[in-house]
Amino acid sequence: MSTSPTEARAFVRKDSYRKMQQSDELIGSTENSKSYAPQSQTSLVTRSSTRRSGEGGGGCWQRTRDHLVGVYHNTKEREMTPRLLASLCCILLLLLLLLILIGIILNALFNTYSVSEFLLYPPVCEECRRKNPNLVSAALPSSLFVHFYSGSQAHFELRGNLPFKSNSFTAIDFQTGYIAIADHALTDSNGRHTTCFIMPLDRSAISSIDALKEAVGDSDYEIQAHFGWQEFWQFDAEAIEPVAANSKFTDKIVDCEGAKWYYLKQAVHSRGRWIGSGLHKKN
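Encoded structure:
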């Protein structure tokens, strides 16, 4: 059966239209395959959640919250595989390390319960220089350690050289307004203090723990005395029950556990004077 030239041209046009449609479909499928690349089955973020996060607005916190919620729901829907569990463990470990690092930084910035050391140099012996001009003074300094033990207590540890007669420990409780003193010369064979003293705090000298912190921060590491110093205390020592003494401190004075306590009451007469930290009684 023969066809006319007109019918042949019509068949050719239909065939070309069909090829053009097939070509368009092939190009479209290729672009779709490029747009949606193969995705791992262990991914915690699906294509749909990524698309929703890209379309949604809001601030940074809202986007982070939506992302975490999406991760949570996608994790529940996923099959628990060893690779997914390993990824979750790594994420939790990184979060834990981040929290520890933040805690260390905040502790360094805001925690003032630290120890500061000061060197107290005695004055130069002028009489020794007059007797021997070539003598070089090499007096050893005393060390004073200031420890902000808590928010209400500050501890002082003195490792004394001349003119101090011994080492001592002092605790100041700014909340209750009392001071505990333990002279290291009054210890037993095991190094435990046998005697401790308690006295009220003179707030005219040190008003608060914040004022003490400010003074410690503004002080030099080495303190040179040019004219010398002398401490003269005049107190009556009265025995006090350990329970009553310990109740006057917000934190337990560990150095005075099991020790006898004496209350130092300032007196105006000269009887029963205690001079310095050597604790030599003068009548």
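Each residue of the sequence shown is one higher than the one before, starting from 1 at the first, in UniProt numbering. By construction, the Cβ of each residue, glycine as well, lies at the ideal position given by its N, Cα and C atoms.
- Excluding the 5 residues flanking it on each side, residue 140 has same chain C-beta neighbours closer than 6 Å at 161, in chain order.
- Following the DSSP letters along the chain, one finds residue 209 inside the alpha helix (DSSP H) bounded by residues 209 to 218.
- In its chain, beyond the 5 residues on either side, 153, 171, 173, 176, 178 and 180 have a beta carbon closer than 8 Å to the beta carbon of residue 249.
- Judged by DSSP in its simplified three-state form, residue 256 adopts helix.
- Under the DSSP definition of a beta bridge, residue 263 partners with 198 and 238.
- Proximity of the stretch 218 to 226 to the stretch 197 to 210 falls short of the contact definition, fewer than three beta-carbon pairs being nearer than 8 Å.
- DSSP, reduced to helix, strand and coil, places residue 124 outside both helices and strands of the structure shown, so it counts as coil.
- Distance between residue 257 and residue 82, taken at the CA atoms: about 56 Å.
- Judged by DSSP secondary structure, residue 147 falls within the beta strand (DSSP E) whose first and last residues are 142 to 147.
- Boundaries of the beta strand (DSSP E) harbouring residue 168: 168 to 173, taken from the DSSP string.
- Put simply, the backbone Cα of residue 237 is about 9 Å away from that of residue 266.
- Comparing alpha-carbon positions, the option among 96, 263 and 68 lying closest to residue 234 turns out to be 263.
- Residue state for residue 180 is assigned as strand, using DSSP reduced to three classes.
- Residue 64 sits in a helix when the DSSP states are folded into three classes.
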